[in-house]
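Chains as they are written, first to last, in numbering that gives the first Met the number 0: chain A, 0 to 108; chain B, 0 to 816.
For glycine and all other residues, C-beta sits at the position ideal for the given N, C-alpha and C.
Have a look at the structure below, then the notes.
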Amino acid sequence: MTDWIAIAKLDDIPRLGARKLQTESLDIAVFRTGNDQVFALRDRCPHRGGPLSQGIVHGQAVNCPLHNWKIDLENGQVQGQDEGCVHTYGVKVEEGVVYLSLASLESAA
Amino acid sequence: MNKQKLILVGNGMAGARTLEELLKLEPAMYDITVFGAEPHPNYNRIMLSPVLAGEKTVDDIVLNSREWYAEHGISLHTGDPVVAIDRKARQVRTASGMTADYDRLLLATGSNPFIIPVPGHDLDGVIGFRDIRDVEIMLESARQHKKAVVIGGGLLGLEAANGLKKNGMDVTVVHLMDILMERQLDKPAANLLKASLEENGLRFLMEAQTEAILGEQRVSGVCFKDGSEIEADLVVMAVGIRPNMGLAKDAGLHCERGIVVNDTLQTFDPRIYAVGECVQHRNNCYGLVAPLFEQAKVCANHLAHLGFGRYEGSVTSTKLKVTGIDLFSAGEFNEGEGDETLVLQDPAQGVYKKLVIRDNRIKGAVMYGDTMDGTWYFQLLREGTDISSFRNTILFGQHDLGDAGHGEETRVAKLADDAEICGCNGVCKGDIVKAISSKGLFTLDEVRAHTKASASCGSCTGLVESLLASTVGEGYAAAPSKQAMCGCTEHSHDEVRKAIRDEALKSMRAVFDLLNWKTPDGCSSCRPALNYYLLAAWPGEYEDDAQSRFINERAHGNIQKDGTYSVVPRMFGGLCSANDLRAIADVADKYRVPEIKVTGGQRIDLFGVKKEQLPAVWKDLSAAGFVSGHAYGKALRTVKTCAGKNWCRFGTQDSTGLGVQLEELTWGSWMPHKFKLAVSGCPRNCAEATIKDFGVVCVDSGYELHIGGNGGIKVRVTDLLCKVSSEAEVIEYAGAFIQLYREEGQYLERTAPWVERVSLGYVKQRIVDDGAGRQLLYERFKHSQQFAQVDPWQARADGAESHEFTPLSIDRLRAAS
Chain A
0 MTDWIAIAKL
10 DDIPRLGARK
20 LQTESLDIAV
30 FRTGNDQVFA
40 LRDRCPHRGG
50 PLSQGIVHGQ
60 AVNCPLHNWK
70 IDLENGQVQG
80 QDEGCVHTYG
90 VKVEEGVVYL
100 SLASLESAA
Chain B
0 MNKQKLILVG
10 NGMAGARTLE
20 ELLKLEPAMY
30 DITVFGAEPH
40 PNYNRIMLSP
50 VLAGEKTVDD
60 IVLNSREWYA
70 EHGISLHTGD
80 PVVAIDRKAR
90 QVRTASGMTA
100 DYDRLLLATG
110 SNPFIIPVPG
120 HDLDGVIGFR
130 DIRDVEIMLE
140 SARQHKKAVV
150 IGGGLLGLEA
160 ANGLKKNGMD
170 VTVVHLMDIL
180 MERQLDKPAA
190 NLLKASLEEN
200 GLRFLMEAQT
210 EAILGEQRVS
220 GVCFKDGSEI
230 EADLVVMAVG
240 IRPNMGLAKD
250 AGLHCERGIV
260 VNDTLQTFDP
270 RIYAVGECVQ
280 HRNNCYGLVA
290 PLFEQAKVCA
300 NHLAHLGFGR
310 YEGSVTSTKL
320 KVTGIDLFSA
330 GEFNEGEGDE
340 TLVLQDPAQG
350 VYKKLVIRDN
360 RIKGAVMYGD
370 TMDGTWYFQL
380 LREGTDISSF
390 RNTILFGQHD
400 LGDAGHGEET
410 RVAKLADDAE
420 ICGCNGVCKG
430 DIVKAISSKG
440 LFTLDEVRAH
450 TKASASCGSC
460 TGLVESLLAS
470 TVGEGYAAAP
480 SKQAMCGCTE
490 HSHDEVRKAI
500 RDEALKSMRA
510 VFDLLNWKTP
520 DGCSSCRPAL
530 NYYLLAAWPG
540 EYEDDAQSRF
550 INERAHGNIQ
560 KDGTYSVVPR
570 MFGGLCSAND
580 LRAIADVADK
590 YRVPEIKVTG
600 GQRIDLFGVK
610 KEQLPAVWKD
620 LSAAGFVSGH
630 AYGKALRTVK
640 TCAGKNWCRF
650 GTQDSTGLGV
660 QLEELTWGSW
670 MPHKFKLAVS
680 GCPRNCAEAT
690 IKDFGVVCVD
700 SGYELHIGGN
710 GGIKVRVTDL
720 LCKVSSEAEV
730 IEYAGAFIQL
740 YREEGQYLER
750 TAPWVERVSL
760 GYVKQRIVDD
770 GAGRQLLYER
780 FKHSQQFAQV
790 DPWQARADGA
800 ESHEFTPLSI
810 DRLRAAS
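This is the structure in structure tokens:
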């Protein structure tokens with residue numbers, strides 16, 4: 000078994016956007032920033048469970064669509080006055096293909 | 000390369016604030032050194048009065064602790080004033096003999112209390128009221144002595160007198176004029192103030208000119224011009240301040256009443272800037288704190304080599320920080336020739352309000368006893384708002400304009416600490432006041448960032464501003480009328496729009512590039528606004544950016560708390576057929592829609608549709624002839640109608656048919672915010688047209704057109720725009736009004752606040768008086784509708800944007816490999 004699993008082509012994810020990745024147990028939001036960095040976070044805002052994959056991406060952050068909490072994509076930390084943290088997953092891009100770290104997936108599940 | 004060296008002379012509020020603003024822009028541009036004459040870090044000087052009155056401690060009022068300086072790598076030298084500047088060598092020297100070099104020098108030396116040069120002014124026990132040291136002397140005197148005389152019945156003098164009284168001294172206030180606080184108050188207000196301070200136990204000697212201070216080594220009394228004398232163990236001189244410009248003058252900088260600076264806060268030596276009470280700008284010297292903050296922002300911008308931003312002077316307002324006394328003053332409060340005044344006087348309740356009006360605009364305000372609306376009047380004053388449409392009720396205050404019946408609750412100063420101010424985020428008054436005092440907050444934005452109050456729907460903004468004003472007094476920096484769109488730019492909404500139009504900017508990237516956006520791709524606040532401005536300015540030509548739209552407008556449904564969407568098919572004018580209802584019922588069955596509800600706008604709402612199902616749901620609805628109801632967008636929502644004359648025995652016109660025509664004209668249009676219409680068939684107004692953005696009330700002789708209503712957060716009844724006689728006119732006026740709002744309303748500004756901002760008179764002039772202009776507006780609206788009336792549901796049902804609705808799946812990938 001390999002450590003990394005291909006989940007999408009980079010071009011499948013809109014720039015400054017996200018795709019939702021469905022797994023058997025939970026949903027993961029896969030983000031692509033303006034400079035083509037890719038991040039994966041659990042698709043669930045620590046505030047009221049909003050789907051982060053539906054938020055507006057800017058810089059290295061996403062704003063939750065429900066109540067506008069701002070989440071740092073790199074470390075999952077909630078920004079500003081609010082407090083909380085979202086689980087992050089290992090992800091990498093090679094030759095235009097996005098891979099998710101299976102180890103980080105299993106440790107979270 | 001070595002960093003440039005910046006030296007700040009004067010460790011007070013203006014200087015430290017400038018550093019804070021500079022560090023926000025350029026955290027690492029300079030090596031910064033600060034010299035302060037006082038032995039303290041930067042503290043909130045305007046809070047000295049509460050310290051003297053025993054309501055706060057010195058620690059409470061520190062704004063920047065020593066740790067703050069250390070954290071930002073600033074070397075701080077307290078208790079060591081700079082005594083000389085060598086401009087040739089670009090070097091300063093301090094009292095202790097230390098020297099330091101600079102590339103840029105910032106002077107913020109503040110001001111000195113003016114000590115009247117009468118005989119005896121240098122005796123022990125004669126002081127000004129300026130710094131912590133003065134407060135310490137006053138507190139010490141209060142412990143050992145009994146009788147205090149305060150010379151000067153202005154703001155500072157009265158606050159000092161009140162504080163000394165609270166510390167148990169017998170206090171007499173000596174004032175040269177016959178009116179207390181004559182620079183802020185007119186006679187009636189000043190008399191109310193005097194009566195109330197006398198009740199607190201202060202004594203007053205009015206129109207008394209000080210001749211000499213008596214005493215051997217320590218003061219023992221004060222002697223007046225008329226020969227009378229009073230005893231005194233302590234004399235506080237509070238007759239005014241003088242900019243502290245000796246240092247600058249000795250260095251050969253051009254000074255008049257203060258250190259003269261231009262609109263970038265630069266002195267006559269281009270390497271030297273100056274801010275705060277020590278400067279003279281356009282012939283004004285300011286002794287209040289709000290202008291200092293505006294100066295600090297501009298000065299920091301230039302120190303950071305950004306080169307834009309101009310300080311154009313400030314309009315100031317004043318509040319007295321004496322507990323139990325409410326007093327507010329702003330602008331030109333004594334009427335000149337040709338001015339009108341509005342006065343409300345209730346001596347029994349101790350209430351006095353006066354507004355000075357010129358050309359239907361507020362020029363000044365004085366209030367005593369009930370200052371709740373001071374911030375509102377001040378805002379109207381600064382923005383030059385035309386008050387003609389509400390001048391007959393303006394004295395009763397903002398809450399009288401309609402606030403969904405909260406009335407007394409909005410009188411924030413009287414609220415208990417546990418009273419909820421922000422209903423969206425559950426923030427109480429006590430939380431806000433605590434954050435303001437403990438974190439040293441001065442602006443609405445700072446309170447929003449720290450407490451979340453007023454950060455969601457914004458309906459409590461006025462309350463939060465009042466709290467700020469009542470907590471920090473005149474230090475409250477009211478939001479400037481020109482506000483930057485967001486942290487990504489210095490430009491205001493209107494400036495950005497103008498650039499988009501004038502420079503033919505048709506993509507977001509072009510806006511970012513031309514206007515030097517500070518962030519690489521904006522933020523969740525500016526991007527949706529920019530996308531709308533581009534769309535409104537260049538229909539059919541601009542490049543829409545889906546990722547800059549809120550999810551509702553990307554997914555063409557309304558996201559619900561569980562992440563599912565609601566689906567509202569458009570039913571023009573609320574009309575539908577049995578077949579329509581059958582088709583909706585079939586969709587509900589087929590996709591197991593968990594809940595169906597009739598909306599307030601006369602539509603049917605299907606709740607709980609999963610995002611992946613949306614294209615299929617839309618496909619079925621499209622096949623039955625439905626288009627999107629746009630119930631999710633900053634867009635034309637619904638046209639609500641009543642039965643009208645085809646059925647109703649009271650109906651005067653065909654309101655349903657007119658509603659259908661209006662909806663056919665306007666559907667699909669994107670707006671600064673959501674937009675609702677209604678047509679009522681008679682003045683009974685069953686379609687509630689007078690709380691809509693655009694409402695038509697049919698009468699026997701024609702159609703009344705109403706604008707700017709709102710049934711939401713703050714109920715606002717529409718203003719009557721005009722009356723017309725034909726359906727064709729209704730349609731043209733509606734289209735023109737919508738287009739004016741689309742072109743000039745700010746993003747997320749509903750028509751109700753927009754009409755209040757630009758004034759009803761302006762809208763009437765553009766839509767009613769200027770017939771040719773109205774037709775052009777209507778033409779532009781129809782042009783933009785060519786591109787807008789494309790059903791987004793049909794397009795997506797046919798496969799557009801499919802990535803939006805299809806999740807990635809590991810299992811699918813595994814199956815494929």
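Closest in alpha carbon position to Gly-368 of chain B, among B:Leu-192, B:Met-28, B:Val-597, B:Gly-124, is B:Leu-192.
When the five nearest sequence neighbours on each side are left out, the beta carbons in the same chain lying within less than 6 Å of the beta carbon of Leu-759 of chain B are those of Ser-388, Asp-718, in order along the chain. Beta-bridge analysis with DSSP links Leu-47 of chain B to no other residue. The alpha-carbon separation between His-253 of chain B and Phe-267 of chain B amounts to approximately 6 Å. Under the three-state reduction of DSSP output, Ser-24 of chain A falls in the coil class, being neither helix nor strand.
The DSSP assignment places complete beta strand (DSSP E) segments of no fewer than 3 residues inside the segment 13 to 95 of chain B at 29 to 35, 74 to 77, 81 to 85, 90 to 93, in order along the chain. The shortest C-alpha to C-alpha distance from Val-365 of chain B to any of B:Asp-358, B:Gln-348, B:Asp-385, B:Gln-344 is the one to B:Gln-344. Ala-83 of chain B and Met-28 of chain B have their alpha carbons spaced roughly 25 Å apart. With contacts defined by Cβ atoms closer than 7 Å, Lys-675 of chain B and Asp-692 of chain B form a contacting pair. Just so you know, the alpha carbons of Gln-183 of chain B and Thr-317 of chain B end up roughly 7 Å apart. Annotation: the continuous beta strand (DSSP E) that includes Asn-62 of chain A extends over 60 to 62.
Scanning its chain for C-beta atoms nearer than 6 Å, with the 5 sequence neighbours on each side dropped, one finds around Ala-454 of chain B the residues Arg-447, in chain order. Taking a cut-off of 8 Å on C-beta distances, the segment 718 to 736 of chain B touches the segment 759 to 779 of chain B, as three or more cross pairs fall below it. By alpha-carbon distance to Asp-59 of chain B, the top candidate from B:Gly-710, B:Ile-131, B:Glu-800 is B:Ile-131. Counting the other CB atoms within 10 Å of its CB gives Ala-536 of chain B a total of 16 or more, which places it among the buried residues. Between the alpha carbons of Leu-379 of chain B and Ile-361 of chain B lies a distance of about 7 Å.
The shortest CA-to-CA distance from Gly-667 of chain B to any of B:Thr-651, B:Ala-634, B:Leu-661, B:Lys-639 is the one to B:Ala-634. Nearest to Glu-70 of chain B by alpha-carbon distance, out of B:Ala-52, B:Gly-556, B:Leu-394, B:Glu-19, is B:Glu-19. Gln-3 of chain B sits in a strand when the DSSP states are folded into three classes.
Note: Val-92 of chain A is bridge-paired with A:Val-97 in the DSSP secondary-structure output. Annotated as proximal: Gly-556 of chain B and Tyr-564 of chain B, with beta-carbon spacing under 7 Å. Neighbours of Leu-807 of chain B in chain A, taken as residues whose beta carbon is under 8 Å from its own, are Ile-6, Ala-7, Asp-11, Arg-18, Lys-19, Leu-20, Gln-21, Val-29 in chain order. With a minimum length of 4 residues, the unbroken runs of alpha helix (DSSP H) contained wholly in the segment 193 to 260 of chain B fall at 245 to 249.
In the structure shown, Met-507 of chain B adopts helical secondary structure according to DSSP, grouped into three states.
In the structure shown, Asn-74 of chain A adopts coil according to DSSP, grouped into three states. Take the alpha-carbon of Ile-150 of chain B and the one of Ala-188 of chain B: they are about 21 Å apart.
In the structure shown, Ala-188 of chain B falls within a helical segment according to DSSP collapsed to helix, strand and coil. In terms of Cβ geometry, Gln-216 of chain B and Asp-123 of chain B form a close pair [threshold 7 Å].
Against chain B, a Cβ distance below 9 Å from Ile-70 of chain A picks out nothing, because the smallest value is about 11 Å. At a cut-off of 7 Å, the C-beta of Gln-559 of chain B has no neighbouring C-beta in chain A.
Segment contact: the segment 257 to 277 of chain B against the segment 171 to 183 of chain B, fewer than three CB-CB distances shorter than 8 Å; contact not assigned. If the five residues before and after Pro-614 of chain B are omitted, its C-beta is found closer than 7 Å to the C-beta atoms of Arg-795, Ala-796, Phe-804, all from its own chain and listed in chain order.
For Ala-545 of chain B and Gly-798 of chain B, the gap between their C-alpha atoms comes out near 16 Å. Leu-22 of chain B places its beta carbon 7 Å or farther from that of Tyr-42 of chain B. Between Gly-167 of chain B and the set B:Leu-201, B:Leu-154, B:Ala-194, B:Glu-181, the nearest pair of CA atoms involves B:Leu-201.
Within the same chain, Val-696 come within 7 Å of Asn-684 of chain B by CB-CB distance, once the 5 residues on both sides are set aside.
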